[in-house]
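To start, the structure itself, in structure tokens.
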Amino acid sequence: MNDELASSEIARLEERIDELRQAIDRCDKLAWAAKVAIAGGALWFVLALVNVLIFSATGFTGALAALLGGFVLLGSNQTTRNETEAALHAADERRRALIDTMQLRLVEESDTTIH
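For the sequence shown, my numbering begins at 379 and goes up steadily by one.
Okay, structure coming up:
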């Protein structure tokens with residue numbers, strides 16, 4: 379592979395790496411939302427058990443939906459995050475391998491100072 383093709387492939391991989399990092403950030407936000415839903419549902423159950431809240435079928439259904447939905451979202455999101463991280467590491471390794479194949483020359487440090 380010549381240096382021009384490698385450079386364009388590296389640029390494409392860097393864009394892909396940025397997209398994957400953004401996807402991981404979105405997964406982190408979804409995980410936070412899932413944890414909030416789980417905490418909210420659990421809090422309702424605790425408050426209903428100690429008679430701070432009046433037990434109702436609607437509240438029970440909402441709290442149960444928040445708990446179950448939060449757990450499902452958290453698990454699904456974690457799987458997606460793991461797959462995205464694996465793709466990120468693969469793209470990063472491919473980018474590093476392409477950089478290593480390029481005929482780059484080392485720029486020596488100069489002792490002279492130019493003002």
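Heads up, the beta-carbon is just placed ideally off N, CA and C, and yes, glycines get one too.
Asked: Tell me which same chain residues have a C-beta within less than 7 angstroms of the C-beta of M480, skipping the five on either side of it?; Found: D381, A384
Asked: How far does the alpha helix (DSSP H) with V485 in it extend, from its first residue to its last?; Found: Element bounds for V485: n/a, residue is neither H nor E.
Asked: Could you tell me the alpha carbon to alpha carbon distance between L446 and G440, rounded to whole angstroms?; Found: 10 angstroms
Asked: Run the CB neighbour count on W422, radius 10 Å, all protein chains shown included, and call it buried at 16 or more, exposed below.; Found: buried
Asked: Applying the 10 Å Cβ sphere with the 16-neighbour rule, what's the burial state of N429?; Found: exposed
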